[in-house]
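Data block below; observations after.
There are 2 protein chains.
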Amino acid sequence: MCSYLIKYGACQTLSAKAAAALDKELMSTGAFSIDQLMELAGLSVSQAVFRVHPPSLGRRILIACGPGNNGGDGLVAARHLYHYGYAPTIYYPKQSSNELYQRLSKQLRDLDIPFVDDFIEAEKSSDHIVDAIFGFSFSGEVREPFPAVIRALEETTRPVTSVDAPSSWNIESGPPESGPGSKFMPAVLISLTAPKPLVKHFQGRHFVGGRFVSPTIAKKYDFDVPDYQGLDQVAEIPSGNQKL
Amino acid sequence: MCSYLIKYGACQTLSAKAAAALDKELMSTGAFSIDQLMELAGLSVSQAVFRVHPPSLGRRILIACGPGNNGGDGLVAARHLYHYGYAPTIYYPKQSSNELYQRLSKQLRDLDIPFVDDFIEAEKSSDHIVDAIFGFSFSGEVREPFPAVIRALEETTRPVTSVDAPSSWNIESGPPESGPGSKFMPAVLISLTAPKPLVKHFQGRHFVGGRFVSPTIAKKYDFDVPDYQGLDQVAEIPSGNQKL
Chain H
1 MCSYLIKYGA
11 CQTLSAKAAA
21 ALDKELMSTG
31 AFSIDQLMEL
41 AGLSVSQAVF
51 RVHPPSLGRR
61 ILIACGPGNN
71 GGDGLVAARH
81 LYHYGYAPTI
91 YYPKQSSNEL
101 YQRLSKQLRD
111 LDIPFVDDFI
121 EAEKSSDHIV
131 DAIFGFSFSG
141 EVREPFPAVI
151 RALEETTRPV
161 TSVDAPSSWN
171 IESGPPESGP
181 GSKFMPAVLI
191 SLTAPKPLVK
201 HFQGRHFVGG
211 RFVSPTIAKK
221 YDFDVPDYQG
231 LDQVAEIPSG
241 NQKL
Chain D
245 MCSYLIKYGA
255 CQTLSAKAAA
265 ALDKELMSTG
275 AFSIDQLMEL
285 AGLSVSQAVF
295 RVHPPSLGRR
305 ILIACGPGNN
315 GGDGLVAARH
325 LYHYGYAPTI
335 YYPKQSSNEL
345 YQRLSKQLRD
355 LDIPFVDDFI
365 EAEKSSDHIV
375 DAIFGFSFSG
385 EVREPFPAVI
395 RALEETTRPV
405 TSVDAPSSWN
415 IESGPPESGP
425 GSKFMPAVLI
435 SLTAPKPLVK
445 HFQGRHFVGG
455 RFVSPTIAKK
465 YDFDVPDYQG
475 LDQVAEIPSG
485 NQKL
């Protein structure tokens, strides 16, 4: 059991504002590049997926990528998953002109990983889904074309792994009261660096990824580094009041 | 067993020239950044070290870093090793002004990892050594201050893991006929992307790291991708005519 429960009766969390400040600090005084951080984030996502759904349970994995960094984490995860033996398919409807995302996409195309336009259709022939649409910087409304995707994620019978946040959820207060996402509960959540306040509302399997944070940074932002084991880039921690 | 032995009676290898061309291709049409590749290389080094010498066998690990990319791989490995529970010490006498290496060093300093000036002294209080001095671009003479370090690596009773090449070895023809390195035989070698011709002369445990290479690239450069297992970023393969 992680020490989160001991301290707070629930996981110690990082607000959206604190998460943004931490990211900024890692990339300034922390001297990390975004390439490095995204590689490590995507690697940890791929490890959480493997732990819960090893390729023997189904190789066809559909990865929905949003327009920002959360989508970039999904692109990196897709590459690692391919190398673990999965057959990924990418849904990436709002491809950024950002050079980093372009490069991550090219790396996938060089592996002949298909990019598809129709999420609803692709969902039918997948074994498992990764939701890398919105992360900690999401707020407000879900914009087109994502409302239909969020509804499909609500209704799918396939297990869904969300990256950092179930997409459409408010980072502080959790699921929206109505509309797309109000009934969305992914099977798995991987919190990057530290859990966000929305985890109070999450009831599935919960992982934390981010085995690069210095004790100084963790102390400054007042969160606990989980007990990573062996070579793992992820650690499973309790969800809400659940004990492992 | 990997398919190397079947094909060639020894590992299929990549010449220094081909390795340089491959690196260039990965970073141009392959769309990888050097940050990404170095992160993945250092990660695979850290995994090979963990496999052979888990922290329970001794946490004090001395990492000798050269002035180029091999040294950069060592710096990345040091960070991961710290997070696995090791107590790394860095010997990095020719610190480059290259911005990437500066950032990787800063990441280590933020973890309070010591940088030392005296390799010989530091060797005495280490349990294990990583040789990240010279990689596939090495040729010619070992320059100061490294001859004494290479001699210490030859004489140490601590196990040494070499990154991509035992430092001082010629990439094609192996150990030098005389002088520093002529008797150097590390316990472990981790070949990055693919083994170099020098592996014919290597007799320790041999790993390959580089679980990001596309089948197209492997085919073009005519090497086999080893059978990586599970989430591993490294695969152990036979040394010379040894079978696993």
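Protein chains in written order, with the working numbering: chain H, 1 to 244; chain D, 245 to 488.
Beta carbons are placed, not taken as given, at the ideal position from N, Cα and C, and that holds for glycine.
Please read these numbers as outputs of a predicted model, since none were measured by experiment.
If you drop the 5 nearest sequence neighbours on each side, which residues of the same chain put their C-beta closer than 6 Å to that of Glu155 (chain H)? Taking the first sequence and counting its residues from 1, the one referred to as residue 155 (chain H) is at position 155. Answer for Glu155 (chain H): no residue qualifies.
Taking the continuous alpha helix (DSSP H) assigned at Asp35 (chain H), which residues delimit it? For this step, residue 35 (chain H) is matched to residue 35 along the first sequence. Unbroken alpha helix (DSSP H) run through Asp35 (chain H): Ile34 to Val52.
Counting only C-beta atoms, is Gln291 (chain D) closer than 7 Å to chain H at any point? By one-based count along the second sequence, residue 291 (chain D) stands at place 47. Chain H, which has a Cβ nearer than 7 Å to the Cβ of Gln291 (chain D), makes this yes.
Take the Cβ of Ala132 (chain H) as the centre, count every other Cβ of all protein chains shown within 10 Å, and call the residue buried at 16 or more, exposed below. For the purposes of this step, residue 132 (chain H) is identified with residue 132 of the first sequence, where counting begins at 1. Flag for Ala132 (chain H) reads buried.
With a threshold of 7 Å between beta-carbons, can Leu258 (chain D) be considered close to chain H, or not? If you number the second sequence from 1, residue 258 (chain D) lands on position 14. Taking Cβ atoms only, chain H never reaches closer than 7 Å to Leu258 (chain D), which makes this a no.
Could you name the residues of the region 98-116 of chain H whose beta carbon sits closer than 7 Å to any beta carbon of chain D, in the order they occur along the chain? Flagged, chain order: Arg103, Lys106, Gln107, Asp110 and Leu111.
Could you name the residues that DSSP lists as bridge partners for Glu236 (chain H)? For the purposes of this step, residue 236 (chain H) is identified with residue 236 of the first sequence, where counting begins at 1. Bridge partners of Glu236 (chain H): H:Phe207.
Unbroken alpha helix (DSSP H) runs of length 4 or more, entirely within the region 89-137 of chain H: which are they? 99-109 and 119-124
Relative to the alpha-carbon of Ile394 (chain D), which residue among D:Asp408, D:Pro424 and D:Lys368 has its alpha-carbon at the smallest distance? On the second sequence, position 150 is the one that residue 394 (chain D) refers to. Out of D:Asp408, D:Pro424 and D:Lys368, D:Pro424 has the C-alpha closest to the C-alpha of Ile394 (chain D).
Rounded to whole angstroms, what's the CA-CA distance from Lys17 (chain H) to Leu397 (chain D)? Just pull it up for me. Taking the first sequence and counting its residues from 1, the one referred to as residue 17 (chain H) is at position 17. Taking the second sequence and counting its residues from 1, the one referred to as residue 397 (chain D) is at position 153. Taking the straight line from one Cα to the other gives about 49 Å.
So is Pro114 (chain H) buried or exposed if we call it buried at 16+ other beta carbons inside 10 Å? Stepping through the first sequence from its first residue, residue 114 (chain H) is reached at position 114. By the 10 Å Cβ count, Pro114 (chain H) comes out exposed.
I need the boundaries of the alpha helix (DSSP H) containing Thr460 (chain D), first residue and last residue. Here residue 460 (chain D) refers to the residue found at position 216 of the second sequence. From DSSP, the alpha helix (DSSP H) with Thr460 (chain D) extends over Pro459 to Lys464.
Evaluate contact between the region 341-350 of chain D and the region 261-277 of chain D, counting only Cβ atoms and requiring at least three cross-stretch pairs below 8 Å. no
Alpha carbons only, please: which of H:Ala78, H:Gln12 and H:Leu198 is nearest the one belonging to Lys106 (chain H)? The residue labelled residue 106 (chain H) in the question sits at position 106 within the first sequence. Looking at the Cα atoms, H:Ala78 is the closest of the given residues.
Validate contact between the region 297-304 of chain D and the region 196-213 of chain H using beta carbons, cut 8 Å, 3 pairs: They do not touch, by the three-pair rule.
Using a Cβ cut-off of 9 Å, which residues of the region 24-41 of chain H contact any Cβ in chain D, in chain order? Thr29, Gly30, Ala31, Phe32, Ser33, Ile34, Asp35, Gln36, Met38, Glu39 and Leu40
Between His128 (chain H) and chain D, is any beta-carbon pair separated by less than 7 Å? On the first sequence, position 128 is the one that residue 128 (chain H) refers to. Not one chain D Cβ lies under 7 Å of His128 (chain H).
Out of H:Ser178, H:Val234 and H:Gln229, which one is the CA nearest neighbour of Pro195 (chain H)? Locating residue 195 (chain H) in the first sequence gives position 195, where the first residue counts as 1. Ranking the options by Cα distance to Pro195 (chain H), first place goes to H:Val234.
So with CB distances below 7 Å, who are the chain H contacts of Ser458 (chain D)? Here residue 458 (chain D) is taken as the residue at index 214 of the second sequence, counted from 1. Going along chain H in sequence order, the residues near Ser458 (chain D) (Cβ under 7 Å) are Asp110 and Leu111.
On a CA-only basis, which of D:Arg353, D:Val407 and D:Asp476 is nearest Ala331 (chain D)? Give me that one, please. For this step, residue 331 (chain D) is matched to residue 87 along the second sequence. When each option's Cα is compared against that of Ala331 (chain D), the closest is D:Arg353.
Would Val130 (chain H) pass as a contact of Gly74 (chain H) if the rule is Cβ separation under 7 Å? Taking the first sequence and counting its residues from 1, one reaches residue 130 (chain H) at position 130. Taking the first sequence and counting its residues from 1, one reaches residue 74 (chain H) at position 74. Yes, Cβ-Cβ distance for Val130 (chain H) and Gly74 (chain H) is below 7 Å.
What's the gap between the Cα of Ala20 (chain H) and the Cα of Ser137 (chain H)? Position 20 of the first sequence, counting from 1, holds the residue named residue 20 (chain H). Position 137 of the first sequence, counting from 1, holds the residue named residue 137 (chain H). Cα to Cα, the separation comes out at about 7 Å.
Cβ pair Leu281 (chain D), Tyr465 (chain D) closer than 7 Å: Numbered from 1 along the second sequence, position 37 holds the residue referred to as residue 281 (chain D). Numbered from 1 along the second sequence, position 221 holds the residue referred to as residue 465 (chain D). No, the Cβ-Cβ distance between Leu281 (chain D) and Tyr465 (chain D) is not below 7 Å.
For Leu258 (chain D) versus Phe428 (chain D), is the C-beta distance shorter than 7 Å? Residue mapping note: residue 258 (chain D) aligns to position 14 of the second sequence, counting from 1. Residue mapping note: residue 428 (chain D) aligns to position 184 of the second sequence, counting from 1. Not a contact, by the Cβ cut-off of 7 Å.
Which one of H:Ser139, H:Asp112 and H:Asn69 has the shortest CA to CA distance from Ile90 (chain H)? Here residue 90 (chain H) refers to the residue found at position 90 when the first sequence is read from its first residue. The candidate whose alpha carbon is nearest that of Ile90 (chain H) is H:Asp112.
Within this structure, are the beta carbons of Ile237 (chain H) and Leu198 (chain H) separated by less than 7 Å? Here residue 237 (chain H) refers to the residue found at position 237 when the first sequence is read from its first residue. Here residue 198 (chain H) refers to the residue found at position 198 when the first sequence is read from its first residue. Not in contact: Ile237 (chain H) and Leu198 (chain H) (Cβ atoms no closer than 7 Å).
Which residues of chain D have a Cβ atom closer than 7 Å to the Cβ of Leu246 (chain H), listed in chain order? Shown here, chain H extends from 1 to 244; a query on residue 246 (chain H) therefore has no answer.
Write down the C-beta distance between Gln291 (chain D) and Leu231 (chain H) rounded to the nearest angstrom, noting that I regard them as a contact closer than 8 Å. As a first step, residue 291 (chain D) must be located in the second sequence, where it is residue number 47. As a first step, residue 231 (chain H) must be located in the first sequence, where it is residue number 231. Confirmed, about 6 Å.
Secondary structure of Ala254 (chain D), DSSP reduced to three states: Start at 1 with the first residue of the second sequence, and residue 254 (chain D) comes out as number 10. Here the model assigns Ala254 (chain D) a pLDDT of 48, short of 50, so the residue's position is not dependable and the matter cannot be decided.
Tell me the DSSP secondary structure of Tyr228 (chain H) in three-state form. Reading the first sequence from its first residue, position 228 is the one you call residue 228 (chain H). Secondary structure of Tyr228 (chain H) (DSSP, three-state): coil.
Taking only three categories from DSSP, how would you classify Ala438 (chain D)? Residue 438 (chain D) sits at position 194 when you count from the first residue of the second sequence. The answer is coil: DSSP assigns Ala438 (chain D) none of H, G, I, E or B.
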